[in-house]
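So the sequence shown is numbered by this note's numbering: it starts at 156 and just counts up by one. In this text, a Cβ means the ideal position worked out from N, Cα and C, and glycines have one as well. Notes follow once the structure below has been shown.
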Amino acid sequence: MASGGSGGGIAGAEESKKKLKLYSYWRSSCSCRVRIGLNLKGLEYEYVPVNLLKGDQNTPEFLKLNPVGYVPVLVDGDVVLAESFAILMYLEEKFPQHPLLPKDPQRRGINYQAANIICSGIQPYQNLPILKFMREKLGPDADISWAREHIRRGFTALEKLLKDFSGKYATGDEVFLADLFLAPQIDGAIKRFKVDMDEFPLLARIFEAYSELPAFQDAMPGRQPDAPAEHRN
């Protein structure tokens, strides 16, 4: 559970009683993945907001935590980790409750593949510096068209990849790593970039299933303490 009310769940393992610290931005899909993972594992954490629009990520203090200047960053005692994939794998190894990966090697591989499609083939194209560059070079609407194009291309690939493995969720009837990456990406596609999910019926159905899961809903952008009032839900 995050201080400020952004997380969910009850502390699990004894080690989790020592509160973790998550540097996060409300709208960051990368941060959202980690928030979901923390919630699913029932880990309490302190939410430290990093305002990307004001440039908090470029301060000397934050750059000591992550020299690249990106969120999220997880602090666990003396351990400081950036990059959502690395953070989730760390949590998976240290806190075994509610595994984020299936035991079956094939389904585990599909989870890795789906997560990589999102974190390598979709999300980087909608980072704030990229969108700002597109607006400045090509016009005020170029950023939205750019983001939508890469989202659609990635979603088309995910529809094909998951059609033989999905159940209620991305790779079966249990929530795993792929779901943590899908939920914030679809949420952003709908709310930020107005992508028509009728083009992607499988992803739309899976996304609807996440609405029943408090660990997911409590991690969504509109539930975070640093979300502007007009975006809260």
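- By the CB criterion at 7 Å, N266 and F355 fall outside the cutoff.
- Between the C-alpha atoms of P204 and L195 there is a straight-line separation of about 21 Å.
- Take L337, set aside five residues on each side of it, and the residues of its chain with a beta-carbon closer than 6 Å to its own are A325, in chain order.
- Counting only the Cα atoms, P376 lies some 21 Å from L246.
- If you compare the alpha carbons of S300, G232, Q340 with that of I272, the shortest gap goes to Q340.
- Comparing alpha-carbon positions, the option among P369, N221, L243 lying closest to V235 turns out to be N221.
- One alpha carbon belongs to F240, the other to K219, and they sit about 20 Å apart.
- Its chain contains I277, A344, F348, V350 as the residues whose beta carbon lies nearer than 7 Å to that of I306, once the 5 sequence neighbours on both sides are disregarded; these appear in chain order.
- For E216, the enclosing alpha helix (DSSP H) has its first and last residue at 215 to 220.
- Rounded to the nearest angstrom, the Cβ distance from Y178 to V228 is 4 Å, consistent with a contact under 8 Å.
- Here A241 carries a helix assignment [DSSP, helix/strand/coil].
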